Each structure stands twice: as structure tokens, then as C-alpha cells.
Amino acid sequence: KSKNSEFIYKFATEVKGAPITLLVDALIYLKDSWHLCHIAKDTNNELLKHKIFNTILYEIKNAKDIYKCAKFMDCIDVSEIESVLITIGNAEYIYKFACDIEGANIDILADAIIKLGNAEYIYHFARSVKNAPMDRLATAIIKTGESANPIKSVSDLLPTMDLAGLSFLSVI
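Per our numbering, the sequence shown runs over residues 834 to 1005.
Structure follows, in C-alpha cells:
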């Protein structure tokens, strides 16, 4: 965001009678999802809210701001947002979306986290997301320990491991 977008935002939100649609178009042109998200949060104009959200979702594609908007917009298509977040591939916001957004498809988001292979967020997902698929996440986190030498790969243990024996992890 630029200093100009800060003043465009202030003009839109603090000047009585400001031409909001024109100012929103300027913020869209500047790809300022941060300020757009705040305008969407504060407006009662549902059409403007949808225009802003669709711009953030399909044009700007900023995972943090998509997540942020999803938290306060109750008229959104959760599966549509999940699809965009998965395409962006940001493990942190896929995880946060699974934790915080009602109606999130935990299995689809778990698959995305697993596919990204990010051990940190596989762990956080397993620890914090209600109804997370523990066996799949346990297998995935083990696979993140792969080495270049296939004989010394941690996943070589998978066929013989009793993953049910890892259930003690859920109480930690």
C-alpha cells in the first residue's frame, strides 16, 4: 500500500458525502486489499461489499486479506474461498481458515496442507483444527522427514508403523 492509498481510504471513510464507489475503484486499481477489506467491513452496501471481496479474491489474491474478509462476511461462499486459498498455496492462511471459519471443509483444507508439505502447519493443523484427519496428517508429517537417500527415509517406516499408537499426540 502506498501513502496515496492511505489518504484515499481516509477520504472514503472520513469525508461526508465522499463518492465511495469512485474511491473504491481507485483502491482496486492500486491493488490495496488492506484498505478495501476495511471498507467492505464497514459498509452496509452489499453490492459494494461483494465487489470488493470478489476483487480481493480473484484479482489481488492476497491470502491474508482473503482470510480477514472471510472472518467478517457472513454472505460468502466458503468453498469458493477455500479453492482460491488452496490455489494461492499459503499454508498459514489455509490453517487459519480451517480454525476460524464456520463451514470450512476440514478434509479439503487438510489435503491442501498435506500437499504443501509444510511440517509446521501440518503440526498446527493436527493440534488445533477440530475433526482434523489425524492419520493422514501423521503420515504427512512423517513424510516431511524424507531424505535424499531412499534407504534412510522416515517414510520407509510407514508400512510397519502402527499410526493408531500415535493417538497420545492428541492429548498434548
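We treat Cβ as the ideally placed atom computed from N, Cα and C, and that holds for glycine. Quick caveat, the model's predicted, so the values are computed rather than measured.
Query: By the three-class DSSP mapping on this structure, what secondary structure does Ala937 have?; Result: coil
Query: Go through its chain and collect everything with a Cβ distance to Thr993's Cβ below 8 Å, but skip five positions before and after it.; Result: Model confidence at Thr993 stands at a pLDDT of 48, short of 50, so the residue's coordinates are unreliable and nothing is read from them.
Query: How long is the line joining the alpha carbons of Ala845 and Ile885, rounded to whole angstroms?; Result: 14 Å
Query: What does the Cβ neighbour count give for Ile914, buried or exposed, with the cut at 16 atoms within 10 Å?; Result: buried
Query: Beta-carbon within less than 8 Å of Tyr954's beta-carbon, same chain only, minus the 5 sequence neighbours each way: which residues are those?; Result: Ala924, Glu925, Ile927, Tyr928, Ile946
Query: Report all residues from its chain with a CB closer than 7 Å to the CB of Ala896; omit the five preceding and five following residues, and keep chain order.; Result: Leu918, Ile921, Asn923, Tyr926
Query: Would Ile841 and Leu869 be called neighbours here (beta carbons separated by less than 8 Å)?; Result: no
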